[in-house]
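Residue numbers (my numbering): 1 to 265.
Scroll down for the structure; my scribbles are underneath it.
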Amino acid sequence: WLSLRTMKRGFDGTEEHMPNAYATGAEEGAQNDTMVLRLLVSNLQVGTIIGKGGANIKGIREMSGCRMQIADMVLGSTERLISVTGSVDGITKAVELMLGVIEEPGSKTSEGGSAALNPGMASEGTGQSHTLKLVLDNNQVGRIIGKGGSAIKQMREESGAFIKVEATPTAEDERIGSVQGVKSAVTIATGLIAAKLITMPKSASQPSKLQKTAMHPSPYAAQPGYPGAPPAMPGYSPYGAPPAGYPGYPPQQSPYGAPPPGAYG
């Protein structure tokens, strides 16, 4: 298993950790810290990840040690937000297990059946290509790209995955990063990205209240003009501000402290 440290889990449930050659001193020091990695996953794949009666996601949580929150489905959206909270090793393991269950023969994403979590399948892989989408804020984008693109170039070379960040921000002024490749390459790249992000100051790397899963099920939800946005009340703006001249509503101050019109006769 490739993340900050390689994790090997046997069928007896034991784990063995070995140092990873890619980890820096700062990243090794942050090994036991926790972070949140937000993923955009297609509705079909989310169903496979959850599994029958929630069996798959329960197994992924237990084997990775991560907390996983899946946002409600938003009308008109083809994707759902999955927030994974845990250590770098745990998040890397969770992503590996999610990709493994998607590759499982008979899964909804491959042959229309229903997959069951198979620890052996998680490690072997099938050679199937995957695209993992990450929801990032601007500070996280800067850390992933690095000075002159040096960080993202190094992670591409070390993982064998193609990593890019969309130039156009989402409705919530966030960016979508994507990791493309076979399961092993995507897993390695996820570990490298998480290792970069976990060393960021908490204030710079943690989602705001408006960006958390509980508040916004999807990066595209609850925004005026996007699927899932609540209808505006008649006579009100979409952000809830009363219309001009609303009885009892105090008048707005002039911008930058300028005196109101007619103040000086």
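Built from N, CA and C at the ideal position, the CB exists for glycine as well.
Query: Select from Pro169, Lys183, Leu99 and Gly86 the residue whose C-alpha is nearest the C-alpha of Asn138.; Result: Pro169
Query: From the DSSP output, read off the bridge partner residues of Gln180.; Result: Thr131 and Phe162
Query: Which first and last residues belong to the alpha helix (DSSP H) in which Val95 is found?; Result: Val88 to Glu103
Query: Figure out for me which residue from Val41, Lys52, Gln69 and Ile60 has the closest Cα to the Cα of Glu79.; Result: Val41
Query: Compare the C-alpha of Leu269 against each of Glu103, Asp173 and Val182 and name the closest.; Result: One cannot answer for residue 269 here, as it falls past the ends of the chain, which runs 1 to 265.
Query: Evaluate Thr190 with the Cβ neighbour count: other Cβ atoms within 10 Å of its Cβ, from every protein chain shown; 16 or more gives buried, anything less gives exposed.; Result: buried
Query: Measuring straight from C-alpha to C-alpha, what distance separates Glu166 and Gln128?; Result: 23 angstroms
Query: Is it a yes or a no for the stretch 174-188 touching the stretch 154-166, going by three-plus beta-carbon pairs under 8 angstroms?; Result: yes
Query: When DSSP labels each residue in this structure, what does Met63 get in the three-state scheme?; Result: helix
Query: Of all the options Gly148, Ala94 and Gln154, which has the alpha carbon lying nearest to the alpha carbon of Arg38?; Result: Ala94
Query: Assuming Val36 contacts Thr85 under a Cβ cut-off of 8 angstroms, what Cβ separation, rounded to an integer in Å, is found between them?; Result: 5 angstroms
Query: From which residue to which residue does the alpha helix (DSSP H) around Leu44 run?; Result: Asn43 to Ile50
Query: Kindly indicate the opening and closing residues of the alpha helix (DSSP H) around Val74.; Result: Premise fails: Val74 is in no alpha helix (DSSP H) and is neither H nor E.
Query: Which term fits Gln140, buried or exposed, when burial requires 16 or more other beta carbons within 10 angstroms of its beta carbon?; Result: buried
Query: If Lys133 and Ile176 are in contact, beta carbons under 8 angstroms, what's the gap, nearest whole angstrom?; Result: 6 angstroms
Query: For Ile198, does the three-state DSSP call read helix, strand or coil?; Result: coil
Query: Taking its Cβ as the centre, do 16 or more other Cβ atoms sit within 10 Å of Gly51, making it buried, or is it exposed?; Result: buried
Query: What is the DSSP secondary structure of Glu79, reduced to helix, strand or coil?; Result: strand
Query: What residue does the alpha helix (DSSP H) around Gly148 start on, and which one ends it?; Result: Unbroken run through Gly148: none, as it is neither H nor E.
Query: Could you have a look at Thr34 and say whether DSSP puts it in helix, strand or coil?; Result: coil
Query: On the premise that Met155 lies in contact with Leu192, defined as a C-beta separation below 8 angstroms, what is that separation, rounded to the nearest angstrom?; Result: 5 angstroms
Query: Please say whether Leu97 and Met63 have beta carbons closer to each other than 8 angstroms?; Result: yes
Query: Would a C-beta distance cut-off of 8 angstroms place Ile102 and Thr48 closer than the cut-off?; Result: yes
Query: So what does DSSP say about Thr85, is it helix, strand or coil?; Result: strand
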